[in-house]
Amino acid sequence: MKIEKDAVVSMHYTLKNDAGDVIDSSEGKEPLPFLQGHGNIIPGLESALEGSKAGDKLDVTVEPEEGYGLRLQKAIQEIPRTALQDVEDLALGMQLQSQDKDGNAFIVTVAKIEDETITVDANHPLAGETLHFAVTIESIRKAEAVEIDHGHVH
Ligand code: ZN
């Protein structure tokens, strides 16, 4: 079968940024399973894989708009250092869990540390990046009804 909505796909992948650095890879691990058409993977990759078959190898370039989004300036905030005084070993690049006013958890990255203030960045670490995937389709099967219902692979 071909990759279409409600197909369960397993793929091996290597993800590089524009500079050619490997950001993520399934090499040496199990292939990554996902349910096509349910937003399990970023939109640009999902649409590029549509119609592929098992054994296909694809190189896919995904622009930020179809990947993890653009970097938003408003997602970068300065907060008083005292607000993080309970965090041990505060360091650049550290990821902290925060909460919005509705109580939803989200992750921020420590982007700058100054005497009085800390700059935290709630952009996804890959926001603004053009992504280069090398993908091999390992297998494709029809999803079970419960998988389609839940929107993910069991
Ligand atoms: Zn489930």
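Numbering (numbering that gives the first Met the number 0), first residue to last: 0 to 153.
Glycine included, each C-beta is placed from N, C-alpha and C at the ideal position.
| Item | Value |
| --- | --- |
| Heavy atom of ligand 1 less than 8 Å from the Cβ of histidine 131, yes or no? | no |
| Based on Cα-Cα distance, which residue from Ala18, Lys56, Glu65 lies nearest to isoleucine 40? | Glu65 |
| Just list the alpha helix (DSSP H) runs in the stretch 28–102, keeping only unbroken ones of 4 residues or longer that don't cross its boundaries, in chain order. | 42–48 |
| Less than 8 Å between the CB atoms is what I'm expecting for valine 109 and alanine 90, so what's the real figure, rounded? | 7 Å |
| Quick one: is isoleucine 78 buried, meaning 16 or more other Cβ sit within 10 Å of its Cβ, or exposed? | exposed |
| Between proline 63 and the rest of its own chain, which residues show a CB-CB distance below 7 Å, the 5 nearest in sequence each way excluded? | Leu69, Ala126, Gly127, Glu128, Thr129 |
| May I ask you to report which of helix, strand or coil DSSP gives glutamate 146? | helix |
| With a cut-off of 8 Å, do at least 3 Cβ pairs link the stretch 4–22 to the stretch 101–115? | no |
| Cβ-heavy atom distance between histidine 153 and ligand 1 below 8 Å? | yes |
| Among Lys111, Thr81, Arg80, which one has its Cα closest to the Cα of methionine 93? | Lys111 |
| Who pairs with methionine 10 in a beta bridge, going by DSSP? | Leu31, Ile136 |
| Closest to lysine 73 by CA distance: which of Ile136, Lys1, His123 is it? | His123 |
| Among the residues of its own chain, which have a CB less than 8 Å from the CB of glycine 115, if the five just before and after it don't count? | One detail in the question is off: residue 115 reads as glutamate in this sequence, not glycine. Correct list, in chain order: Pro79, Arg80. |
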